[in-house]
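End of the sequence shown sits at 983 in our numbering; the numbers just go up one at a time, nothing left out.
See below for the structure under consideration.
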Amino acid sequence: MPCMQVTVGCDIGRRPLERVSGSLQRSITRIVRAVKPCLYGPYPHLNGQRFRQSLFRSLVRTIDPEAIFESGTFYGASAQFFLNVSEQPVCTVEKNRGFAYCAKRRFRKIPEVRVLVGDSRAALKKLRNADHFPPSYVLFYLDAHWKEDLPLREEVALITKEWTDSVIVIDDFKVLDDSGYAFDTYGDRELSIEYLGDEAIGPYEVFWPRCPSREEAGARRGCAVLVAPGAVPAVELEGLPELRRLPRSRTAATSALGL
Ligand SMILES: C[S@@+](CC[C@H](N)C(=O)[O-])C[C@H]1O[C@@H](n2cnc3c(N)ncnc32)[C@H](O)[C@@H]1O
725 MPCMQVTVGC DIGRRPLERV SGSLQRSITR IVRAVKPCLY GPYPHLNGQR FRQSLFRSLV
785 RTIDPEAIFE SGTFYGASAQ FFLNVSEQPV CTVEKNRGFA YCAKRRFRKI PEVRVLVGDS
845 RAALKKLRNA DHFPPSYVLF YLDAHWKEDL PLREEVALIT KEWTDSVIVI DDFKVLDDSG
905 YAFDTYGDRE LSIEYLGDEA IGPYEVFWPR CPSREEAGAR RGCAVLVAPG AVPAVELEGL
965 PELRRLPRSR TAATSALGL
């Protein structure tokens with residue numbers, strides 16, 4: 725991500741501001757980014773991954789979701805894409821107040837995008853009882869894994885328990901048979917099927933990107949797509965050029981072998 729170079733003229737000389745005060749620099753960065761995001765260049769939606777973008781478009785066409793939920797808004801680049809592609813309400817949650825402020829500002833004239841400030845798990849718990857949020861046909865995009873916090877397993881467990889006929893896309897996920905896709909690790913934990921476990925996945929079925937990593941663009945982060953049994957016939961999903969399925973037994977075996 726490009727970093728702002730601000731210089732100050734004072735008795736300490738014209739030194740980059742970030743050397744003077746890290747927290748002051750971060751505050752100014754947030755404000756400038758909110759007011760003039762173009763100074764930083766566009767932050768790419770879905771990691772700049774063209775295949776992932778195409779996968780998302782296909783999922784929207786196939787599922788025809790009633791709403792999109794995103795965990796981890798950051799500056800709202802992907803939320804903007806979700807709205808453009810689906811033309812459905814987008815609910816996105818961001819725990820960092822500075823990022824949430826920027827995203828709220830970005831969408832201040834777009835009521836279809838709701839930016840919630842707080843933890844993704846708490847947001848999901850609220851939404852499952854909210855009148856304004858659908859109990860089925862939601863397309864979830866889980867991307868709130870950053871630094872030491874790892875809410876993913878709880879997010880997935882909440883969704884698979886509470887939402888029927890829905891689909892979950894998980895970013896930064898280990899693709900078992902394609903090591904060219906990057907994925908997140910947190911100490912000895914990694915974002916993988918093994919980490920999620922059968923209990924969190926519940927009745928949802930797991931699909932994988934069909935595109936080999938070497939043909940993907942952008943940051944080439946891996947993903948997995950979890951699909952509720954009633955969301956859309958599996959045969960339709962398998963027919964999509966972007967998705968493929970591995971039998972669950974093979975998934976578990978491959979994972980156990982550390983592949
Ligand atoms: C990789 S960035 C998200 C990028 C964004 N989805 C996009 O594609 O433009 C991850 C974001 O998740 C946020 N985050 C981390 N833990 C969170 C949590 N428990 N609840 C909500 N947001 C969280 C971080 O502050 C960070 O902004």
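We treat Cβ as the ideally placed atom computed from N, Cα and C, and that holds for glycine.
* To do: Taking ASP901 as part of the alpha helix (DSSP H), name the residues at either end of that continuous run.
  => Element bounds for ASP901: n/a, residue is neither H nor E.
* Asked: With DSSP run on the structure shown, which of helix, strand or coil describes GLU962?
  -> Note: GLU962 maps to helix in three-state DSSP.
* Where does the unbroken alpha helix (DSSP H) through LEU950 begin, and where does it stop? -> LEU950 -> not in any alpha helix (DSSP H); beta strand (DSSP E) instead, spanning 947 to 951.
* Where are the alpha helix (DSSP H) runs, 4 residues long or more, that stay fully inside the stretch 814 to 891, in chain order? -> Runs of the alpha helix (DSSP H) inside the stretch 814 to 891: 821 to 830, 844 to 851, 876 to 886.
* Contacting residues, own chain, Cβ-Cβ under 7 Å from PHE823 (five flanking each side not counted) -> Only THR797, PHE798, TYR799 meet the Cβ criterion.
* Asked: Between the stretch 826 to 835 and the stretch 874 to 890, do three or more beta carbon pairs fall short of 8 Å?
  -> Because the criterion of three Cβ pairs below 8 Å is not met, the stretch 826 to 835 and the stretch 874 to 890 do not touch.
* **Same chain, Cβ closer than 8 Å to PRO953, neighbours up to 5 away in sequence not counted** => Only residues of its own chain outside the window of five on either side were considered, and among them PRO927, TYR928, GLU929 have a CB closer than 8 Å to the CB of PRO953, listed in chain order.
* **Cβ neighbours of ASP843 in the same chain (closer than 8 Å, five flanking residues each side left out)** => Setting aside the 5 residues that flank it on each side, ASP843 is surrounded in the same chain by VAL817, LYS819, PRO875, each with a C-beta closer than 8 Å to its C-beta; the list follows chain order.
* Backbone secondary structure at SER778 - three-state DSSP -> Note: SER778 maps to helix in three-state DSSP.
* Beta bridge counterpart(s) of ARG938 as assigned by DSSP -> The secondary-structure analysis by DSSP pairs ARG938 with nothing; it has no beta-bridge partner.
* Asked: SER795 by DSSP, collapsed to three states: which one?
  -> Here SER795 sits in strand by DSSP.
* Candidates VAL951, SER802, GLY942, ALA943: which alpha carbon is nearest ILE925's? -> Restricting attention to VAL951, SER802, GLY942, ALA943, the CA atom closest to the CA of ILE925 is found in VAL951.
* Asked: Excluding five sequence neighbours on each side, which residues of the same chain lie with their C-beta closer than 8 Å to the C-beta of LEU920?
  -> Result list for LEU920: LEU876, ARG877, VAL880, in chain order.
* **Close-in-space but distant-in-sequence residues of the same chain around VAL839 (CB under 8 Å, 5 per side omitted)** => Contacts found: THR797, GLY800, ALA803, THR816, VAL817, GLU818, ALA824, ALA827, LYS828, PHE831.
* Between which two residues does the alpha helix (DSSP H) containing GLU920 stretch? -> The amino acid occupying residue 920 in the given sequence is Leu; Glu does not appear at that position. Run containing LEU920: 917 to 925, per the alpha helix (DSSP H) assignment.
* Sub-8 Å separation of VAL891 and ILE792 beta-carbons -> No, the pair does not count as a contact, with Cβ atoms beyond the cut-off.
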